[in-house]
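Undergrad: Protein chains in written order, with this note's numbering: chain A, 41 to 290; chain B, 41 to 290.
2 protein chains.
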Amino acid sequence: MLKEERHKIILKEINLHNKVLSTDLKDQLVVSEDTIRRDLIELADQGLILKVHGGAMSKTFHYPFNGQNEVYALEAKRVIADKTIELFKNDMLILMEGGTTIMEIAKRIPDDLEATFFTVSPHTALALAEHDNINVISIGGKLLKNSNIHTGASVINELNNIKIDLCVIGTNGISIKEGLTDSDWEVVHVIKAMMNNAKKVAVVSIAEKFNSVQKIKICDLSAIDYIITELDPKNAALSEYSGNEKPLLL
Amino acid sequence: MLKEERHKIILKEINLHNKVLSTDLKDQLVVSEDTIRRDLIELADQGLILKVHGGAMSKTFHYPFNGQNEVYALEAKRVIADKTIELFKNDMLILMEGGTTIMEIAKRIPDDLEATFFTVSPHTALALAEHDNINVISIGGKLLKNSNIHTGASVINELNNIKIDLCVIGTNGISIKEGLTDSDWEVVHVIKAMMNNAKKVAVVSIAEKFNSVQKIKICDLSAIDYIITELDPKNAALSEYSGNEKPLLL
DNA sequence: TAAAAGTATGTAAATTCATGCAAAATCCCT
DNA sequence: AGGGATTTTGCATGAATTTACATACTTTTA
Numbered sequence: 041m042l043k044e045e046r047h048k049i050i051l052k053e054i055n056l057h058n059k060v061l062s063t064d065l066k067d068q069l070v071v072s073e074d075t076i077r078r079d080l081i082e083l084a085d086q087g088l089i090l091k092v093h094g095g096a097m098s099k100t101f102h103y104p105f106n107g108q109n110e111v112y113a114l115e116a117k118r119v120i121a122d123k124t125i126e127l128f129k130n131d132m133l134i135l136m137e138g139g140t141t142i143m144e145i146a147k148r149i150p151d152d153l154e155a156t157f158f159t160v161s162p163h164t165a166l167a168l169a170e171h172d173n174i175n176v177i178s179i180g181g182k183l184l185k186n187s188n189i190h191t192g193a194s195v196i197n198e199l200n201n202i203k204i205d206l207c208v209i210g211t212n213g214i215s216i217k218e219g220l221t222d223s224d225w226e227v228v229h230v231i232k233a234m235m236n237n238a239k240k241v242a243v244v245s246i247a248e249k250f251n252s253v254q255k256i257k258i259c260d261l262s263a264i265d266y267i268i269t270e271l272d273p274k275n276a277a278l279s280e281y282s283g284n285e286k287p288l289l290l
Numbered sequence: 041m042l043k044e045e046r047h048k049i050i051l052k053e054i055n056l057h058n059k060v061l062s063t064d065l066k067d068q069l070v071v072s073e074d075t076i077r078r079d080l081i082e083l084a085d086q087g088l089i090l091k092v093h094g095g096a097m098s099k100t101f102h103y104p105f106n107g108q109n110e111v112y113a114l115e116a117k118r119v120i121a122d123k124t125i126e127l128f129k130n131d132m133l134i135l136m137e138g139g140t141t142i143m144e145i146a147k148r149i150p151d152d153l154e155a156t157f158f159t160v161s162p163h164t165a166l167a168l169a170e171h172d173n174i175n176v177i178s179i180g181g182k183l184l185k186n187s188n189i190h191t192g193a194s195v196i197n198e199l200n201n202i203k204i205d206l207c208v209i210g211t212n213g214i215s216i217k218e219g220l221t222d223s224d225w226e227v228v229h230v231i232k233a234m235m236n237n238a239k240k241v242a243v244v245s246i247a248e249k250f251n252s253v254q255k256i257k258i259c260d261l262s263a264i265d266y267i268i269t270e271l272d273p274k275n276a277a278l279s280e281y282s283g284n285e286k287p288l289l290l
């Protein structure tokens, strides 16, 4: 077996599985582990793979995560943001939750939109405040550590006093069977109150989060008016999410 | 399973859900909890995640305002912050305004202080939320562009319902003759409401701002309990500011 | 305040790694 | 085809890494 031949096989294996173990390779290629190790060193020196303890990994698999403060799946979230923004019309009262997808929406709102936004998230509020023609109203309350959104009875009370046209919420878990789920009890109650007081509810979520379930249930899918993902609504992965007329996939 | 592979999975999980529990991860990845913990320590050392008791969470979600924004006269503001913090005691209800000096105070609060902070500023709220033992309550309302503080009738109403031990406000103008002044009508009314509902009022200001006057009057100096600057209270530049027993220079 | 959950630390076993060296394979030139 | 140079490979050694477990300690929860 030629060295170059092994290299090709190794590369192929990594492209296929994103990783290889030295032990597997030595069995598969019937050479000593040292040889494999030397192969991996060479490929790594050429910058083709990422050598790690016990084997090697795909570089493409590795790098997207490195960008420190980069938002995960930013491109997908931008697509979602632009789809969501199409729902926004002048003079609407819109209620937004927190999270990185919602932040992306807040940032990308066109400057000529004239609407009023309510939010329970200080981050979202500050992002919204960048736009000249929109009104930002914070629903104040106890600031929940970590998730950084206002929660508690005062928030629920405030929410009950306003009638919102469109409510946009992110999601931690979404599945056919369990519907919308989250892991924080306080957050769940805020989201429920948000949904209760809105004419329309839009849930934004990158496709990756689909079919994941968290511990606490928020609502069934039927309580949602729009589900917005970065995928085409006709995508097979989403087919089960919109059997009836509701929710509508965008 | 390669270590790096686990790291990728953990990062992905965090990016997806903003947080992970060690217990969940050890089940998902089928390794001991020690291994997970070591993984989290490594990722945290690399600055990729934020380790918390019981698991880890997303850093991007937590520290939105990283670096970049330089603060004018930072050293002076730190001195002011440390002086101000001496007024804070456990179990106090403290009300804070917004502004860079106030932000510096919020950041430098010792982690063992157990108190409740109210604020009308989303920035201040987020900075306060970094400390474990303090309660943060946002007084919500219309978010005023540029100054980024909540204003309007709802804020005044809320403020009138709480009795604060200490109110800390920044300043735009302070002078012997005109007292405390500001340039924004809405902000002035919020500050007045803050002062009305506090037992003690502290004004923080870098020395540079002394003897400056803005268009709208907030109050006379006699309505202030403490004036806190970066200078020694005995400094000649301040001598006229504390003729009587009030305000007290710190 | 006690129980439960989570954390830090050290240890030992297993695995993986780096290095030097010699045998084997390959290449290259005549 | 042959011989020397070069490259590649396998092996031995000790070092380093990784992991699970045990233990003691700290934080959180009820």
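Using N, Cα and C, we set each Cβ at its ideal position, and we do this for glycine too.
Source: prediction; values computed, not measured.
Using DSSP with H/G/I as helix, E/B as strand and the rest coil, what is A/Ser-187?
TA: coil
Undergrad: Given A/Ala-233, which residues of its chain have a CB within under 8 Å of its CB, disregarding the five upstream and five downstream residues?
TA: Val-195, Ile-196, Leu-199, Asn-200
Undergrad: Taking 8 Å as the CB-CB limit, is B/Asn-109 close to chain A?
TA: Low per-residue confidence applies at B/Asn-109: pLDDT is 45, beneath 50, and the placement is therefore not dependable enough to give any value.
Undergrad: I believe A/Phe-128 touches A/Ile-120 by the beta-carbon criterion, under 8 Å. Please report the beta-carbon distance rounded to the nearest angstrom.
TA: The Cβ separation is near 13 Å, so there is no contact.
Undergrad: Taking DSSP as the reference, what is the three-state secondary structure of A/Ile-42?
TA: Correcting the residue identity first, residue 42 of chain A is Leu in this sequence and not Ile. Three-state result, A/Leu-42: coil.
Undergrad: Quick one, which residues of the region 251-271 of chain A are near chain B if we go by CB-CB under 9 Å, in chain order?
TA: Considering only beta carbons, the part of the region 251-271 of chain A lying closer than 9 Å to chain B consists of Ser-252, Gln-254, in chain order.
Undergrad: Return the Cβ separation of B/Glu-144 and B/Asn-173 in integer angstroms, given the expectation that the two are a contact with Cβ distance under 8 Å.
TA: The Cβ separation is near 19 Å, so there is no contact.
Undergrad: Can you tell which of A/Glu-126, A/His-93, A/Ser-62, A/Met-97 has the C-alpha that lies nearest to the C-alpha of A/Leu-56?
TA: A/Met-97
Undergrad: Looking at C-alpha atoms only, which residue of B/Thr-211, B/Glu-226, B/Asp-152 is the closest neighbour of B/Gly-181?
TA: B/Glu-226
Undergrad: Any beta carbon from chain A within less than 8 Å of B/Leu-80's own beta carbon?
TA: no
Undergrad: Tell me, to the nearest whole angstrom, how far the beta carbon of A/Leu-183 is from that of B/Ser-178; I am working on the premise that it is less than 8 Å.
TA: 6 Å
Undergrad: Check this for me: beta carbons of A/Val-241 and A/Asp-265, under 8 Å apart or not?
TA: Going by C-beta atoms, A/Val-241 is nearer than 8 Å to A/Asp-265.
Undergrad: So the alpha helix (DSSP H) B/Asp-222 belongs to, where does it begin and stop?
TA: That residue, B/Asp-222, is in no alpha helix (DSSP H); its beta strand (DSSP E) goes 219-222.
Undergrad: With DSSP as the reference, identify every bridge partner of B/Gly-296, one or two as the case may be.
TA: Residue 296 of chain B cannot be examined here, being either before or after the span of chain B that is shown, 41 to 290.
Undergrad: Using a beta-carbon distance below 8 Å, is B/His-57 in contact with chain A?
TA: yes
Undergrad: Within a Cβ cutoff of 8 Å, which residues of the same chain sit near A/Leu-114, ignoring the five residues on either side of it in sequence?
TA: Excluding residues within five positions, the ones whose Cβ falls inside 8 Å are Glu-144.
Undergrad: In chain B, which residues lie with their C-beta within 8 Å of the C-beta of A/Ile-179?
TA: Gly-180
Undergrad: Under a Cβ-count criterion, where at least 16 other Cβ atoms within 10 Å of its own Cβ denotes burial, should A/Lys-59 be classed as buried or exposed?
TA: buried
Undergrad: Report the partner residues of A/Ala-238 according to the DSSP bridge assignment.
TA: A/Ile-204
Undergrad: Among A/Phe-157, A/Leu-61, A/Thr-221, which has the Cα closest to the Cα of A/Ile-256?
TA: A/Thr-221
Undergrad: Once DSSP output is grouped into helix, strand and coil, what is the label at B/Pro-104?
TA: For B/Pro-104, the predicted model reports a pLDDT of 47, less than 50, meaning its position is unreliable and no value from the coordinates is stated.
Undergrad: Helix or strand or just coil, what does DSSP make of B/Asn-109?
TA: Confidence at B/Asn-109 is low in this model, with a pLDDT of 45, below 50, so the placement of that residue should be treated as unreliable; the coordinate-derived value is given next. Assignment of B/Asn-109 by DSSP, reduced to helix, strand and coil, places it in the coil class.
Undergrad: A/Leu-135 lies in the beta strand (DSSP E); which residues open and close that run?
TA: 133-136
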